[in-house]
Amino acid sequence: MEFFFILALGRSGTNFLASLLNKDPNALVYHEPYIDDRKLIGLRYSGCFNKVVNNSLEKRFKNLLKKDTEFKIYGEVNSYLRYEIEWLRKKFNPIIIHLIRDGRDYVRSAYIRTVYTPKEIQLPIIPHDKDPYAEKWQDMTRFQKLCWYWMHTNEFLSKKIKNFVRFENLMIDYDYFNKKILKPTGLNISYECWKKEVKKPRNTSRRRTLRKKIKQNIFFWERAESIKPIPQWTEWDELKIEQFQEICGRTMKKFGYI
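Under my numbering, the first residue of the sequence shown carries the number 276, and numbering increases by one thereafter.
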């Protein structure tokens, strides 16, 4: 069995991509199959609980793989495994790809979620002591913290993974999708299948999202009453533009977004 993992920050198109790649009948592709993964990510990032995380991952994959040995290719598009690159390489020698989304769209999407709010259900990722933002953290707005989260995660992944793909390009260019995803992983998704999936309407209504979260047995915070969404980035005020540029500008340029 061949293995691949596509790692990213959440709200970067991981769910859609996993669903698309699972159209290959010779492959089994998961999107964040274990709810406990969200608990482990903060433990690994802290650097203090490696043995616990290693043992949990061993058990996790043992349970997953014993059910699915008939497939030629096993893959995950998973935001919660992004700090497990070394472990995954040692265990599976897989293809690993870094998936990235425009930071401006990420911040807007994440803003109405629970990240960096009292309702966050996982151990939050915050700056290590050597990070220049560690001393500033308590005085930063939630908007600034989300900017840091995007910057930090994608800078970390870029240092560990050579291959990166931009989600926006995957949605508009089949040749890019074929070159960056299908050929490295060995998957076979036809142009017709890709076109059909990317043209499907994305229903992001609150009711549908709530039903999905309940079905997955995940606690979901009814955020609409508590957090006012921020506008599309083209309508940000000068302060938000300045803050985003200060924190994310270098990384945005590095990945060709500006």
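The C-beta atom is built at its ideal place from N, Cα and C for all residues, glycine as well.
Computed from a prediction, not measured in an experiment: that's the story for all the values here.
Less than 8 Å divides the Cβ of W469 from the Cβ of F452. In this structure, Q397 lies near G317, with their beta-carbon atoms less than 8 Å apart.
Check the Cα spacing between L363 and each of Y381, P402, L282 and I387: the tightest is with L282. A direct Cα-to-Cα measurement between M446 and L292 gives close to 10 Å. A302 carries a strand assignment under DSSP once its states are collapsed to helix, strand and coil.
DSSP links R441 through a beta bridge to I375. For G350, the enclosing beta strand (DSSP E) starts and ends at I348 to N353. Nearest Cα to S294 within the set G524, V352, Q520 and L340: V352. Rounded to whole angstroms, Y532 and C422 show a C-alpha spacing of 15 Å. Closest in C-alpha terms to S331, from the list F367, D311, F346 and F519, comes D311.
Exclusion of the five residues before and after I522 leaves C422, W423 and M426 as the residues of its chain whose Cβ lies within less than 6 Å of its Cβ.
Pairwise C-beta distances place the region 458-473 in contact with the region 294-308, as three or more of them are shorter than 8 Å. The region 348-436 contains, as complete beta strand (DSSP E) runs of 3+ residues, the segments 348-353 and 370-375 (chain order).
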